[in-house]
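Visitor:
Residue numbers (this note's numbering), protein chains in the order written: chain A, 1 to 97; chain B, 1001 to 1175; chain C, 2001 to 2551.
(1) Say the cut is 7 angstroms; is the CB of residue 55/A nearer than that to a heavy atom of the ligand HEM?
(2) At 7 angstroms on the CB atoms, spell out the chain D contacts of residue 1151/B, in chain order.
(3) Please report the distance separating the alpha-carbon of residue 2304/C from that of residue 2173/C.
(4) Inspect the beta-carbon positions of residue 2151/C and residue 1149/B and report whether they are closer than 8 angstroms.
(5) Can you pull the chain A residues whose beta carbon is under 7 angstroms from the beta carbon of residue 2420/C, in chain order?
(6) Does the region 1068 to 1088 of chain B come into contact with the region 2224 to 2231 of chain C, if we say contact requires no fewer than three beta-carbon pairs (one atom in each stretch) closer than 8 angstroms?
(7) Out of 2469/C, 2510/C, 2009/C, which has the shortest C-alpha to C-alpha gap to residue 2494/C?
(8) The alpha helix (DSSP H) that contains residue 1008/B, what's its start and end?
(9) Closest to residue 1042/B by CA distance: which of 1070/B, 1174/B, 1173/B is it?
(10) Looking at the C-beta of residue 81/A, does it have a partner C-beta in chain C at a distance below 8 angstroms?
(11) Is the shortest distance between the beta-carbon of residue 2273/C and the beta-carbons of chain B less than 8 angstroms?
(12) Give the straight-line distance between the Cα atoms of residue 1145/B and residue 2114/C, rounded to the nearest whole angstrom.
(13) Among 2139/C, 2363/C, 2048/C, 2275/C, which has the Cα closest to the Cα of residue 2188/C?
(14) In this structure, does DSSP put residue 1017/B in helix, strand or coil?
(15) Checking 8 angstroms against the spacing of the C-beta atoms, do residue 2071/C and residue 2091/C come in under that value?
(16) Taking all protein chains shown into account, do 16 or more other C-beta atoms lie within 10 angstroms of the C-beta of residue 86/A, making it buried, or fewer, making it exposed?
(17) Need the endpoints of the alpha helix (DSSP H) that residue 67/A sits in, please.
(18) Quick check: is the beta carbon of residue 2243/C nearer than 8 angstroms to any beta carbon in chain B?
(19) Which of the residues in the region 2347 to 2361 of chain C, read from start to end, lie with their CB under 7 angstroms from any CB of chain A?
(20) Using a beta-carbon distance cut-off of less than 9 angstroms, what residues from the region 11 to 27 of chain A approach chain C?
(21) Measuring only the C-alpha atoms, how far is residue 2318/C from residue 2310/C?
(22) Identify the continuous beta strand (DSSP E) that holds residue 74/A and give its terminal residues.
(23) For a test of the three-state rule: what should DSSP assign to residue 2157/C, helix, strand or coil?
(24) Extract the residue ranges of the alpha helix (DSSP H) inside the region 10 to 49 of chain A, only unbroken runs of 4 or more that lie entirely within it.
(25) Let me confirm a value: residue 2042/C is counted as buried when at least 16 other C-beta atoms fall within 10 Å, else exposed. Which label applies?
(26) Counting only C-beta atoms, is residue 54/A closer than 8 angstroms to chain C at any point?
(27) Quick check: the region 2232 to 2247 of chain C against the region 2280 to 2295 of chain C, are there 3 or more CB pairs under 8 angstroms?
(28) Can you tell me whether DSSP reads residue 2370/C as helix, strand or coil?
(29) Residue 2186/C CB to nearest chain A CB: under 8 angstroms?
(30) Flag this pair as touching only if the region 2204 to 2221 of chain C and the region 2247 to 2263 of chain C have three or more C-beta atom pairs under 8 angstroms; answer yes or no.
(31) Please determine if the region 2153 to 2166 of chain C and the region 2122 to 2131 of chain C are in contact, where contact requires at least 3 C-beta pairs separated by less than 8 angstroms.
(32) Out of 2038/C, 2281/C, 2534/C, which one is the CA nearest neighbour of residue 1164/B?
(33) If you measure from the beta carbon of residue 2118/C to each beta carbon in chain A, is any gap under 8 angstroms?
(34) Are at least three pairs of beta-carbons, each pair with one atom in the region 2400 to 2417 of chain C and one in the region 2336 to 2355 of chain C, less than 8 angstroms apart?
(35) Please compile the residues from chain A whose C-beta is within a distance smaller than 7 angstroms of the C-beta of residue 2429/C.
(36) Using a Cβ cut-off of 7 angstroms, pull out every chain B residue sitting near residue 2156/C, in sequence order please.
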């Protein structure tokens, strides 16, 4: 069982976003649509890689996540940092709000 | 696909053959890769039609020394716009070897590299868009900047030379 | 200092407009990300972990006070109130919005600054000695040549799509503070037999995943011929540098694979054909650039200042700062004041908007409006009267900028690492903070003496770990950060690449490991030996033993 979501950076302001259930992009990973298994994940990435999204987001890719009590949490530390902000500046990034 | 030269869209008048292709009839205008030119030089020069050579990255333009005045066109391939070897070939051909014919950029030729190509001696650009779009792009690209620091063979005055000229003019005025 | 004339100004403004147009075309979908990427990179715009990053060039590390003030203003207006000074003497902003970057670039253009060629496979910002024009040991101010290199390399039509990035560093002093031997081209000024000044040309140095100390391709090139010679090297590199593998594309690999003799032959052959061409720069032209960097109007002062001495004897904190952060100036009565951006436990190289504005004000009042950025991520007020040092220090101290640690164990170089960088494999900043806290005691730092710790968060080595006396490389080992230690690196005129001491350490272990190494050094050092001297004398084994025992 591997749960995955698609993340990218938004074109205009560069901030980290996640592909949502309705095909939009959210700053909150808990809004992300999850894919369970390889086939679903590939379909999710294919949707995010549609040429028309090139004017919305940059560089979509899949990340592994786990469903925890607090919500969806990436398994890799790099991706955890992207959902929060720099570990050395708790006042910046999504963790600050 | 459209070729822009001298501020207008021109017809494709050349047939490019690859290493293994049969040669077309003697009257056709023909472009061959450098390697084939070196192999079949005498046959190729003996044909009736015009002759050009295609340079790919890694080729040495110096191999054409002595034959340049018999070539009407040299096409330089940019397989990816990030492969900048063709810029050096352009300058070597124009500035060092004195090539006077058409120097055409082909391959991944995009608007934002055209000014650089022009500065390196290219005078025609094969773009993968329709004629009108191609012309608009080339025109926009060529007038985007008006200050140049480096002397190349393109005839543009450098900032250095313009400063020099201005100083001379002011000194003359003062005297 | 160099002032733009109308040509420079127009070029930067046109570039700003060009980029505004490119951003517009990108946002409207006229060009794809793939096509836009090199264009934004050529204007210093990266996409990092959290957001875009804008890298602004500080040509040869020299800033005027109004420029530094504007850098502070940009931090406030377009970013989150701070900037990060880098090992390339540049400044980075971590949170700009793409659609606002053209405005930020326009603000920069208005103070004669830009972000041109701070990224991309082109000739990058030329770096030099941060004490240029002030250092007592200098042969000649290298900045006139740096400015000429800046102009020659800006939008060079032939060298904008090189196999890989290309960095040039220049030193005008025999004591190399610009790390010229670990650059693609290093230029070291010296005298020839005729007593003229010119440059030794060193090629193929570099860090990254395959570090090399550069090799000399020419012992001496005269100043008039410098630019044609650079063009010859770049043409050889552009034509023959590898393009099949990104990691083998730097000129250091070409030098390594062909051998320096062959590269030298190719360069000399190329140069012979262009040396008498239009790139030859005449003496009169060079003189005009030297004039632009003429020394400021120093007062004739005695080298001793009674007030300065009195303040030192009255304030321990001030005298400590003078001891570590103030350096001899060539002009009697003046001194070079280093502003540490390494507060104990702080983030190396970061400065807030108000800190930048304060240093700008101090430079205007006390240093002829001149500020420098160092490749070790600090700032410098290069021309301060000794009589003014106490006032400068007091103001710095009040803004958290008075840390007395230049060259000490807490003056750590660290790249942004995984906290900001999309390429990083581990964090660098928290580790530098832990080490800084561990060694925070000033007496202890002074006792340890000069010790350069450099931390990179990935193999690309932006934190210069290969040339740290102690280098630390952060890696990812099965999802966990771990750190590899190298010893014996040196970026100076005695450049050397550090050697890996052994198996890596976890984040929790690495600070203890550093302390063990330092303790060992204290135990075995001879007289006034620095850490690097001791290492060179005794070799790796004693240090290896304290870390791994018999393992």
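From the three backbone atoms N, C-alpha and C, an ideal C-beta is built for every residue, glycine too.
Guide: The short version:
(1) The ligand HEM is not among the ligands present in this structure, which contains no ligands whatsoever.
(2) This model lacks chain D altogether, as its protein chains are A, B and C.
(3) Position 304 of the third chain holds residue 2304/C. Position 173 of the third chain holds residue 2173/C. Approximately 25 angstroms, taken between the alpha carbons.
(4) Within the third chain, residue 2151/C is the residue found at index 151, counting from 1. Within the second chain, residue 1149/B is the residue found at index 149, counting from 1. A contact, by the Cβ cut-off of 8 angstroms.
(5) For the purposes of this step, residue 2420/C is taken as the residue at position 420 of the third chain. The contacting residues are 86.
(6) Remark: fewer than three beta-carbon pairs, one from each stretch, lie closer than 8 angstroms, so the region 1068 to 1088 of chain B and the region 2224 to 2231 of chain C are not flagged as touching.
(7) Residue mapping note: residue 2494/C aligns to position 494 of the third chain, counting from 1. Out of 2469/C, 2510/C, 2009/C, the CA that lies nearest to the CA of residue 2494/C is found in 2469/C.
(8) Taking the first residue of the second chain as position 1, residue 1008/B is located at position 8. Per DSSP, residue 1008/B belongs to no alpha helix (DSSP H); it is in the beta strand (DSSP E), 1008 to 1010.
(9) Reading the second chain from its first residue, position 42 is the one you call residue 1042/B. It is 1070/B whose Cα lies nearest to the Cα of residue 1042/B.
(10) As a working mapping, residue 81/A is identified with position 81 in the first chain. Yes - at least one Cβ of chain C is within 8 angstroms of the one on residue 81/A.
(11) The sequence position of residue 2273/C within the third chain is 273, counting from 1. For residue 2273/C, the nearest beta carbon of chain B is closer than 8 angstroms to its own beta carbon.
(12) To locate residue 1145/B, count along the second chain from 1; it is residue 145. To locate residue 2114/C, count along the third chain from 1; it is residue 114. Straight-line Cα distance between these residues: approximately 15 angstroms.
(13) Within the third chain, the letter at position 188 stands for residue 2188/C. Closest by alpha carbon: 2139/C.
(14) In the second chain, residue 1017/B corresponds to position 17, counting from 1. Taken through DSSP and simplified to helix, strand or coil, residue 1017/B comes out as coil.
(15) Position 71 of the third chain holds residue 2071/C. Position 91 of the third chain holds residue 2091/C. Closer than 8 angstroms, so yes.
(16) Here residue 86/A corresponds to residue number 86 of the first chain, with the count starting at 1. The residue is buried, with at least 16 neighbouring Cβ atoms inside 10 Å.
(17) Within the first chain, residue 67/A is the residue found at index 67, counting from 1. It is not in any alpha helix (DSSP H) - residue 67/A instead sits in the beta strand (DSSP E) that spans 57 to 68.
(18) The residue you call residue 2243/C lines up with position 243 of the third chain. Yes, residue 2243/C counts as interfacial toward chain B.
(19) Under the 7 angstroms Cβ criterion, the region 2347 to 2361 of chain C contributes 2347.
(20) Considering only beta carbons, the part of the region 11 to 27 of chain A lying closer than 9 angstroms to chain C consists of 11, 12, 13, 14, 15, 16, in chain order.
(21) Translated into the one-based positions of the third chain, residue 2318/C becomes position 318. Translated into the one-based positions of the third chain, residue 2310/C becomes position 310. Straight-line Cα distance between these residues: approximately 11 angstroms.
(22) Stepping through the first chain from its first residue, residue 74/A is reached at position 74. Its beta strand (DSSP E) spans residues 71 to 74.
(23) Here residue 2157/C refers to the residue found at position 157 of the third chain. It is coil, neither helix nor strand.
(24) The qualifying runs are 38 to 48.
(25) In the third chain, counting from the first residue as 1, residue 2042/C sits at position 42. When all chains shown are included, residue 2042/C counts as buried.
(26) Along the first chain, one-based indexing puts residue 54/A at 54. Chain C contact via Cβ: present.
(27) No, because fewer than three Cβ pairs between the region 2232 to 2247 of chain C and the region 2280 to 2295 of chain C fall closer than 8 angstroms, the two stretches do not touch.
(28) One-based indexing of the third chain puts residue 2370/C at position 370. The answer is strand: DSSP assigns residue 2370/C an E or B state.
(29) As a first step, residue 2186/C must be located in the third chain, where it is residue number 186. Not an interface residue.
(30) The region 2204 to 2221 of chain C is in contact with the region 2247 to 2263 of chain C.
(31) Contact between the region 2153 to 2166 of chain C and the region 2122 to 2131 of chain C is present, because at least three Cβ pairs lie under 8 angstroms.
(32) Here residue 1164/B is taken as the residue at index 164 of the second chain, counted from 1. Of the candidates 2038/C, 2281/C, 2534/C, the one whose C-alpha sits nearest the C-alpha of residue 1164/B is 2281/C.
(33) Sequence index remark: in the third chain, residue 2118/C carries index 118 (1-based). Taking a beta-carbon distance threshold of 8 angstroms, residue 2118/C does not count as an interface residue toward chain A.
(34) Result yes; three or more Cβ-Cβ pairs closer than 8 angstroms.
(35) Residue 2429/C sits at position 429 when you count from the first residue of the third chain. Those within 7 angstroms of residue 2429/C in chain A are 88.
(36) The count along the third chain starts at 1 and reaches residue 2156/C at position 156. Neighbours of residue 2156/C across chain B, judged by C-beta separation under 7 angstroms: 1150.
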